[in-house]
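Reviewing the structure listed below.
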C-alpha cells in the first residue's frame with residue numbers, strides 16, 4: 002500500500018504514570034516532507050507522546066520504527082542520534098547562556114581535551130540563522146535572557162534543525178506569540194516541511210493547524226480517535242473529534258497485537 | 002572560503018569601535034544590571050586608601066607579601082565555592098573539609114606516626130581525601146536529591162568530629178616536611194620573580210592574541226581590539242606591579258603563584274571546556290540541560306568533588322602557614338570567609354552567573370580588611386561587623402542586578 006515507510010512510526014505504544022494511563026495503544030506516523038499536526042484537548046496525551054518520542058520518559062510498551070526499522074529510544078541522546086528534535090513549549094533554553102551556547106547545548110564542538118571550538122560554533126550558528134531567515138537577532142553572543150519571545154522561539158527552532166535532523170517536533174510554537182511573530186513561525190514551519198523534514202506540529206490553534214498541516218492526528222484521553230487529511234476535512238469535524246471522538250482502534254487484532 | 006561576511010559581522014561593524022564607544026557600551030551594561038567586578042575594584046581602592054592613611058605599616062612590601070599568603074587559602078577554597086554557587090547549590094562543609102585536608106597532610110608527613118610519606122605525596126593524598134568527601138556528599142545531592150544545604154550541614158558537623166578524633170589526645174600535629182611548609186613559606190628569588198611575571202604577562206597576551214586571530218580567521222567579529230589591548234595592558238601592569246612590590250621584600254610567594262595557577266586552570270575549565278559550559282547550563286536551567294542530554298547528576302557530583310578538593314588544598318596552605326594543625330583547624334571564620342569571598346567577588350547565589358576570578362577578588366577584600374584592622378589594633382568584633390556588612394551589600398547588589406537583568410530582557 003505505502004510505497005515508502007514513514008520516517009517515524011509508532012505502533013501500539015502505551016505509557017502510564019502510576020495509575021494514570023496517559024497513552025493507550027497509540028498508532029502515529031509522520032513522513033518526510035510532511036507536516037503532521039497533533040491535536041487534542043488538555044490532558045489528551047500530546048505532551049506525553051512527544052516526551053516519550055524524545056526519550057525523556059520511554060514508552061512502557063509498543064514499537065517505535067524509524068525508516069521502517071525498529072529502534073529503541075532510552076534517552077534524549079538516542080532520539081538525537083536518530084535525528085529527532087523537539088522544540089518544547091517552554092523552549093528549554095538557558096537564560097544565562099548566549100545564543101551560540103544554547104544552540105550547541107549538550108552537543109558542543111570540542112577537541113580531544115574537551116576544549117570548546119567557539120569560532121566554529123559561532124560561525125555555524127550565524128549560518129543556520131541566516132538560512133532560516135532569522136534576521137531579528139542582533140548578536141549571537143547576547144544572552145537569551147535579553148531576547149523577545151519570538152526571538153527565543155526562532156533560536157529554539159534553529160537549534161532543532163541545525164543537526165541534520167529528520168524529524169522536528171514543535172510543541173505549541175505559536176502559543177505565546179503576537180500576530181506578526183506567529184506569521185513568521187508558521188512560515189518557518191512550512192519551510193521546514195518543504196525542505197524535506199518530517200514535521201510534527203502540536204497546537205491548540207486550529208487556524209494554525211489548517212494553514213500548515215498536511216494531515217491531522219487527533220488524540221483524546223490517551224487514544225487516537227482519528228487521522229485526517231487536512232484537504233478533506235474541516236474544523237468542525239476536527240473539533241468534534243477532539244471533544245467527543247471514539248477510539249478508532251480496538252486493541253487485540255492489530256499489528257501490535259501480534260508482538261504481544 | 003566565502004567572500005561575504007556573515008550578517009552579524011556587518012552588524013558588529015556598525016557598532017562603535019572607538020575606545021569611547023567601548024566605554025559607552027560598558028556603561029550601558031552596568032546600567033542594565035551587569036556590574037561585573039566593578040564594585041569590588043572600587044571597594045579595594047577605598048579600603049587601601051583608608052588603611053594607608055591610618056597605619057603606616059599597611060602599605061609596605063612586607064605586609065603586602067603577608068597579605069597575599071594570608072589570602073591564599075581563602076582564595077583557593079573560594080574557587081570551589083564559585084563552582085558550587087554556579088550550580089545554585091551550597092557547600093557548608095568546606096571549612097572542616099579544609100581542616101581535614103590540613104590534618105591529613107600533617108598526619109601523613111609526620112615521622113612520629115611511623116608511616117613517613119614524602120611531602121608531595123602527602124599533599125596529593127590530602128587533596129584526594131577532599132575530592133572523595135565531595136564525591137560522597139555530592140552523590141547524596143545528585144543521586145538521592147537531598148538538598149545540598151542539609152547534606153553539607155551534616156558534613157560540617159561530622160567532619161569536625163572526625164578532625165577531633167583524628168588529631169587525638171596530642172591536640173596538635175606539627176609539620177616538619179620542607180615541601181609542605183614551602184607551600185606557604187617559600188619566596189622566589191628576585192630574578193625568578195621577574196621571570197615569572199614576564200611568563201604570566203606573555204602567556205596572557207599570547208592567549209588573548211591567539212583568540213583574536215582565530216576569530217579573524219573564521220571571519221567573525223573581533224569586537225574591539227583596543228579593549229583587548231587595554232585588558233592585556235592591565236594584567237601586565239598588575240603582574241609587574243605586584244612583583245615590584247614583592248621584590249622589595251622577599252620576592253613573589255609560592256602561595257600567591259599557586260593561587261594564580263589555580264585561577265588560570267579553573268577559569269580555563271569553566272569557560273573553555275564542555276564541562277564548564279555544562280556547569281553554567283545546569284546552573285541556569287537544569288531541566289533544559291537534562292533535555293539537551295547533559296548528565297546533570299554527573300555535573301553535580303563533579304562540582305562537589307572540585308569543592309572538596311579545593312577546600313583540602315586551601316587547608317594544606319593554612320596548615321603550612323601555621324606550621325601545623327590543632328583542634329580548632331578549619332573552624333572559626335574559614336567557611337564564611339570562603340563563601341563570602343565568592344559572593345563578594347561577584348558570583349550569583351542564584352546559579353549560572355559568576356567567574357572563577359571572583360574567588361580572588363573576594364578573598365582579597367576580606368583578608369585586606371582583616372589585615373588592616375589587625376594592624377590598627379581593632380578587635381575581631383569590628384572585623385566581623387564590617388565583613389558582615391560587606392557580605393550583605395554584595396548579596397543585595399547581586400539581587401538588584403538580577404532583577405534589573407530580568408527587566409532589561411525583552
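Residue numbers (our numbering), protein chains in the order written: chain A, 2 to 261; chain B, 2 to 411. Each residue gets a CB set at the ideal place from its N, CA and C atoms; glycine is no exception.
Relative to the C-alpha of residue i, which candidate in the options has its C-alpha closest?
i, options, result
"residue 121/A", "81/A, 110/A and 130/A", "110/A"
"residue 363/B", "161/B, 131/B and 395/B", "395/B"
"residue 317/B", "303/B, 95/B and 349/B", "95/B"
"residue 1/A", "187/A, 52/A, 41/A and 22/A", "Residue 1/A lies beyond the stretch modelled for chain A, which goes from 2 to 261, so this question has no answer here."
"residue 237/B", "260/B, 228/B, 294/B and 200/B", "200/B"
"residue 124/B", "106/B, 140/B and 352/B", "106/B"
"residue 158/A", "113/A, 229/A and 105/A", "105/A"
"residue 21/B", "240/B, 231/B, 85/B and 287/B", "231/B"
"residue 346/B", "331/B, 398/B, 219/B and 334/B", "398/B"
"residue 229/B", "214/B, 162/B and 335/B", "214/B"
"residue 32/A", "170/A, 223/A, 239/A and 221/A", "170/A"
"residue 270/B", "117/A, 147/A, 93/A and 39/A", "117/A"
"residue 68/A", "226/A, 199/A, 242/A and 222/A", "199/A"
"residue 100/A", "124/A, 248/A, 197/A and 165/A", "124/A"
"residue 54/B", "374/B, 380/B and 400/B", "374/B"
Strictly under 8 Å for the Cβ-Cβ distance: is residue i near chain A by that measure?
i, result
"residue 278/B", "yes"
"residue 219/B", "yes"
"residue 187/B", "no"
"residue 223/B", "no"
"residue 2/B", "Any answer about residue 2/B is weak, because its pLDDT of 34 lies below 50 and its placement is not dependable; what the coordinates show is given next. By this cut-off, residue 2/B is not an interface position."
"residue 9/B", "Per-residue confidence for residue 9/B stands at a pLDDT of 39, beneath the threshold of 50, marking its modelled position as unreliable; no derived number is given."
"residue 288/B", "yes"
"residue 12/B", "Caution applies to residue 12/B, whose pLDDT of 38 falls short of 50 and renders its modelled position unreliable; the value that the coordinates give is listed next. Taking Cβ atoms only, chain A reaches closer than 8 Å to residue 12/B, which makes this a yes."
"residue 322/B", "no"
"residue 5/B", "Since pLDDT at residue 5/B reaches only 38, below the 50 mark, its modelled position is unreliable, and the value read off the structure follows with that caveat. By this cut-off, residue 5/B is not an interface position."
"residue 273/B", "yes"
"residue 411/B", "With a pLDDT of 40 at residue 411/B, under the threshold of 50, the predicted position of this residue should be treated as unreliable, though the coordinate-derived value follows. Output row for residue 411/B: interface = yes."
"residue 27/B", "no"
The beta strand (DSSP E) spanning residue i covers which residue range?
i, result
"residue 202/A", "199 to 203"
"residue 216/A", "216 to 221"
"residue 230/A", "224 to 230"
"residue 170/A", "168 to 172"
"residue 87/A", "85 to 88"
Note the first and the last residue of the continuous alpha helix (DSSP H) segment covering residue i.
i, result
"residue 145/A", "Looking at the DSSP string, residue 145/A is not in any alpha helix (DSSP H), and its letter there is neither H nor E."
"residue 111/B", "Element bounds for residue 111/B: n/a, residue is neither H nor E."
"residue 296/B", "First-last for residue 296/B: undefined, no H or E at that position."
"residue 164/A", "Unbroken run through residue 164/A: none, as it is neither H nor E."
"residue 135/A", "Looking at the DSSP string, residue 135/A is not in any alpha helix (DSSP H), and its letter there is neither H nor E."
"residue 109/A", "No alpha helix (DSSP H) holds residue 109/A; DSSP gives it neither H nor E."
"residue 64/B", "62 to 87"
"residue 183/A", "180 to 195"
Is there a C-beta anywhere in chain B that falls below 8 Å from the one on residue i?
i, result
"residue 57/A", "yes"
"residue 123/A", "yes"
"residue 16/A", "no"
"residue 183/A", "no"
"residue 111/A", "yes"
"residue 116/A", "yes"
"residue 178/A", "no"
"residue 107/A", "yes"
"residue 120/A", "yes"
"residue 102/A", "yes"
Are the beta-carbon atoms of residue i and residue j separated by less than 8 Å?
i, j, result
"residue 89/A", "residue 292/B", "yes"
"residue 9/A", "residue 74/A", "no"
"residue 172/B", "residue 328/B", "yes"
"residue 186/B", "residue 321/B", "yes"
"residue 44/A", "residue 28/A", "no"
"residue 376/B", "residue 70/B", "no"
"residue 50/A", "residue 24/A", "yes"
"residue 209/B", "residue 233/B", "yes"
"residue 310/B", "residue 128/B", "yes"
"residue 305/B", "residue 85/B", "yes"
"residue 61/A", "residue 15/A", "yes"
"residue 153/A", "residue 162/A", "no"
"residue 215/A", "residue 87/A", "no"
"residue 81/B", "residue 308/B", "yes"
"residue 367/B", "residue 78/B", "no"
Those runs of the beta strand (DSSP E) which lie wholly inside the stretch 8 to 78 of chain A and span at least 3 residues | 9 to 18, 21 to 31, 36 to 41 and 62 to 67, all fully within the stretch 8 to 78 of chain A.
Complete runs of the alpha helix (DSSP H) confined to the stretch 316 to 385 of chain B [at least 4 residues] | Residue ranges of uninterrupted alpha helix (DSSP H) with 4 or more members, entirely inside the stretch 316 to 385 of chain B and ordered along the chain, are 335 to 345 and 359 to 377.
Uninterrupted alpha helix (DSSP H) stretches inside the stretch 221 to 288 of chain B (no shorter than 4 residues) | If we require 4 residues or more, the alpha helix (DSSP H) runs fully inside the stretch 221 to 288 of chain B come out as 226 to 249, 255 to 273 and 275 to 285.
Which runs of the beta strand (DSSP E) spanning at least 3 residues fall entirely within the stretch 115 to 188 of chain B, listed in chain order?
-> Taking only runs of at least 3 residues, the beta strand (DSSP E) segments lying wholly in the stretch 115 to 188 of chain B are 173 to 175.
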